[in-house]
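K.L.:
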Amino acid sequence: MKLGRVIGRVTLSKTIPAFTGGRWLIVSPFTRGHYQQGRQPPSGLSKDPSPVVFDNLGGGMGDTIGYVEGREASMPFDQPTPVDAINAAIMDEVFYSPLP
Amino acid sequence: MYLARVEGTAIATKKHPSLNGWRLLICQPLDAEGKAFGAPQVAIDPHGAGLHQMVIISSDGAATRQAVRDPKSPARWMVTAIVDKAGRATAAPKKSAS
Amino acid sequence: MFLARVEGSVVATKKDASMLGRKLLLLRPMLVDEKDPTRFRPGVNTIVAVDSVGAGEGEMVMFSQGSSARLAPGLKSAPVDAVVVGIVDAVEVLGRQIYSASREAKP
Numbered sequence: 001m002k003l004g005r006v007i008g009r010v011t012l013s014k015t016i017p018a019f020t021g022g023r024w025l026i027v028s029p030f031t032r033g034h035y036q037q038g039r040q041p042p043s044g045l046s047k048d049p050s051p052v053v054f055d056n057l058g059g060g061m062g063d064t065i066g067y068v069e070g071r072e073a074s075m076p077f078d079q080p081t082p083v084d085a086i087n088a089a090i091m092d093e094v095f096y097s098p099l100p
Numbered sequence: 001m002y003l004a005r006v007e008g009t010a011i012a013t014k015k016h017p018s019l020n021g022w023r024l025l026i027c028q029p030l031d032a033e034g035k036a037f038g039a040p041q042v043a044i045d046p047h048g049a050g051l052h053q054m055v056i057i058s059s060d061g062a063a064t065r066q067a068v069r070d071p072k073s074p075a076r077w078m079v080t081a082i083v084d085k086a087g088r089a090t091a092a093p094k095k096s097a098s
Numbered sequence: 001m002f003l004a005r006v007e008g009s010v011v012a013t014k015k016d017a018s019m020l021g022r023k024l025l026l027l028r029p030m031l032v033d034e035k036d037p038t039r040f041r042p043g044v045n046t047i048v049a050v051d052s053v054g055a056g057e058g059e060m061v062m063f064s065q066g067s068s069a070r071l072a073p074g075l076k077s078a079p080v081d082a083v084v085v086g087i088v089d090a091v092e093v094l095g096r097q098i099y100s101a102s103r104e105a106k107p
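Set out below in structure tokens:
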């Protein structure tokens, strides 16, 4: 999964039945530079495009989340559900220590 | 798969249940010269890799679902090996002037 | 998933049988502008996506890509990699509403 910061939300007026009641978060992906910024929350949005991810963990604005992209994102559902990005974990702590 | 360096860990209480008990390692993909490319991936680790160790991470979700024993797990990236040695056997070819 | 503007549609008579009767839309991805998060910036690509919600030209939609697209209703055996799965009502970024379908509604 990749880490990113929740920067927004999307609400839908019309969806396929499988998505009724779904929660959608806009996530700004962490670049390597974001990891290295230390205790400060990453400033500025990453240049990488911000995907919209399906959320059933209750992620909120400002949360650092681990999200999975691709076919794996559609695995947790009972019915076939065309999700290509899902919130897999809300981070409590991230310990980062690159080799000097 | 990517060659990667373990650069940290992530702790999450609220997560998909299939991830319970799994170490989440922050792995930075490396090129043949050991230089970082792209952003780190967070991978589950069944091998007990230590901080700063070089590993191989794979994005084969099917293998990861087998490892966590949950066919509905969204987990994708997994440490599949701890690396002894990696890189070029000979010096990189010099770029020819032409 | 990403957001996009529907910029048009594609008519194709000769196509894979699994696509019969499906509307094909031309999408321009709309990305949150990292330099000014109160706006979108259009993506570089134009994507053709199967419509699953009855979206019309000019609407803001959400689309899914990759092999997950084939999990949309009726597309299990279709050779598709992009499907429109929702029409956007509102988008909020960093505490501000940067898009609202009702504010855009034509009189």
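Protein chains in written order, with this note's numbering: chain A, 1 to 100; chain B, 1 to 98; chain C, 1 to 107.
The beta carbon of each residue, even a glycine, is placed where N, CA and C say it ideally should be.
With distance defined between alpha-carbon atoms, name the residue in B:M1, B:P71, B:A91 nearest to L30 of chain B.
P.N.:
Minimum Cα distance to L30 of chain B is reached at B:M1.
K.L.:
Return the CA-CA distance between G58 of chain A and A67 of chain B, expressed in angstroms with no decimal places.
P.N.:
Taking the straight line joining both Cα atoms gives about 26 Å.
K.L.:
I'd like to know if K14 of chain A contacts chain B, where contact means its C-beta is closer than 8 Å to some C-beta of that chain.
P.N.:
Cβ-Cβ to chain B under 8 Å: no for K14 of chain A.
K.L.:
Output, in chain order, the set of chain B residues within a Cβ distance shorter than 8 Å of G44 of chain A.
P.N.:
Correct list: empty, because the minimum Cβ distance to chain B is about 15 Å.
K.L.:
To test your reading of the DSSP string, which unbroken beta strand (DSSP E) runs of 3 or more residues are found completely within the region 28-90 of chain A?
P.N.:
Segments of the beta strand (DSSP E) lying fully in the region 28-90 of chain A: 52-55, 64-69, 85-90.
K.L.:
Indicate the three-state DSSP secondary structure (helix, strand or coil) for Q66 of chain B in the structure shown.
P.N.:
In the structure shown, Q66 of chain B sits in a helix (DSSP, three-state: H, G or I).
K.L.:
Please confirm if the region 90-106 of chain C is in contact with the region 4-18 of chain A, defined as three or more CB-CB distances below 8 Å between the two stretches.
P.N.:
These segments touch.
K.L.:
May I ask you to list the residues that DSSP assigns as paired with G61 of chain B?
P.N.:
Per DSSP, none; premise fails for G61 of chain B.
K.L.:
For the alpha helix (DSSP H) holding A101 of chain C, just list the boundary residues, first then last.
P.N.:
Residues 101-104.
K.L.:
Return the CA-CA distance between D78 of chain A and P71 of chain B, expressed in angstroms with no decimal places.
P.N.:
Rounded to the nearest angstrom, the two C-alpha atoms are 11 Å apart.
K.L.:
What residue from B:H52, B:K14, B:F37, B:S59 has the CA that sits closest to I44 of chain B's CA?
P.N.:
Closest by alpha carbon: B:S59.
K.L.:
Taking Cβ-Cβ distances below 7 Å as the criterion, which residues of the region 41-61 of chain B are in contact with chain A?
P.N.:
Those residues of the region 41-61 of chain B that come within reach of chain A (Cβ to Cβ, closer than 7 Å) are Q41, V42, L51, H52, G61.
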